[in-house]
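Heads up: the structure comes next, in structure tokens.
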DNA sequence: AAAACACTTAAGCGTAAGCTTTACTATAAG
DNA sequence: CTTATAGTAAAGCTTACGCTTAAGTGTTTT
């Protein structure tokens, strides 16, 4: 039940992968189990588990077990870390570059 | 003078690398030449050129030549693409996950 | 013209990332 | 108790990535 660190480094790294972005996209609509997340992705369950680990370690999602099922949900606060980095860069660009 | 495409895929991919984020950070403060960008990074000039190519192809920076010098600057619009993706995910997370 | 400068390009190298298969654990259902 | 379900863990494979070195191009400076 510990929370993981959402560093700029780890969050951008995690979201660089299209599968992981697809996972985040799905989970942002509705929390879901690992198997449910896996279905539309077309890769092995083991691969999905690995992606979910990456996303959890950087704090982009959190999970908890209900019996033998692991439920996953997006943690918006980790996304803010990346958003803030981006807006900071964007806002410090002067009109002349 | 063509503009490159800033897809979610290419922008997140580009920003996943710490060197490239450092480059964007520096350029967001002030436009600079390739050599100037290279100085604080501690890697070869050739490596920096490769990073700059990646950043330019995804539209995060633009460049133009002034004589033998290539000047680089951040393109805020490409950053917005990533910001919008993030805020879209964040905003569709319901209170219950 | 010669030298220095600012890249640019190509080749190659080592590591890391994403995936698969296989085997295993824990929970739930029959 | 047996079987099915849901996930976990480990090993190995392939490819992509970031980096270096070396050689080459175009532009200033001397």
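Chains as they are written, first to last, in the working numbering: chain A, 1 to 97; chain B, 98 to 194. Virtual Cβ for every residue (Gly too), placed ideally from N, Cα, C.
Cut-off 7 Å between Cβ atoms - residues of its own chain near residue i, not counting five sequence neighbours on either side
i, result
"residue 172/B", "156, 157, 158, 159"
"residue 41/A", "19, 22, 48"
"residue 153/B", "101, 159, 160"
Beta carbon proximity, residue i to chain A, threshold 8 Å
i, result
"residue 98/B", "No answer about residue 98/B holds up, because its pLDDT of 43 lies below 50 and its placement is not dependable."
"residue 190/B", "yes"
"residue 107/B", "no"
"residue 143/B", "no"
"residue 179/B", "yes"
"residue 110/B", "yes"
"residue 140/B", "no"
Host beta strand (DSSP E) of residue i (start-end)
i, result
"residue 162/B", "158-163"
Start-to-end residues for the alpha helix (DSSP H) that takes in residue i
i, result
"residue 34/A", "34-38"
"residue 16/A", "From DSSP, residue 16/A is part of no alpha helix (DSSP H); its letter is neither H nor E."
"residue 143/B", "142-154"
"residue 79/A", "76-91"
Chain B within 8 Å of residue i, Cβ atoms only
i, result
"residue 79/A", "yes"
"residue 6/A", "no"
"residue 16/A", "yes"
"residue 86/A", "yes"
"residue 25/A", "yes"
"residue 76/A", "yes"
"residue 29/A", "yes"
"residue 90/A", "yes"
Which listed residue (the options) has its alpha carbon closest to that of residue i
i, options, result
"residue 90/A", "116/B, 123/B, 135/B, 114/B", "123/B"
"residue 87/A", "174/B, 101/B, 136/B, 114/B", "174/B"
"residue 65/A", "85/A, 4/A, 33/A, 29/A", "33/A"
"residue 96/A", "127/B, 103/B, 114/B, 102/B", "127/B"
Per DSSP, the bridge partner or partners of residue i
i, result
"residue 168/B", "130/B, 161/B"
Beta-carbon proximity list for residue i, same chain, < 8 Å, skipping 5 on both sides
i, result
"residue 134/B", "120, 123, 124, 145, 149, 169"
"residue 82/A", "8, 11, 12, 15"
Same chain only: Cβ atoms within 6 Å of residue i, ignoring 5 sequence neighbours per side
i, result
"residue 54/A", "14"
"residue 35/A", "none"
"residue 198/B", "Shown here, chain B extends from 98 to 194; a query on residue 198/B therefore has no answer."
"residue 166/B", "130"
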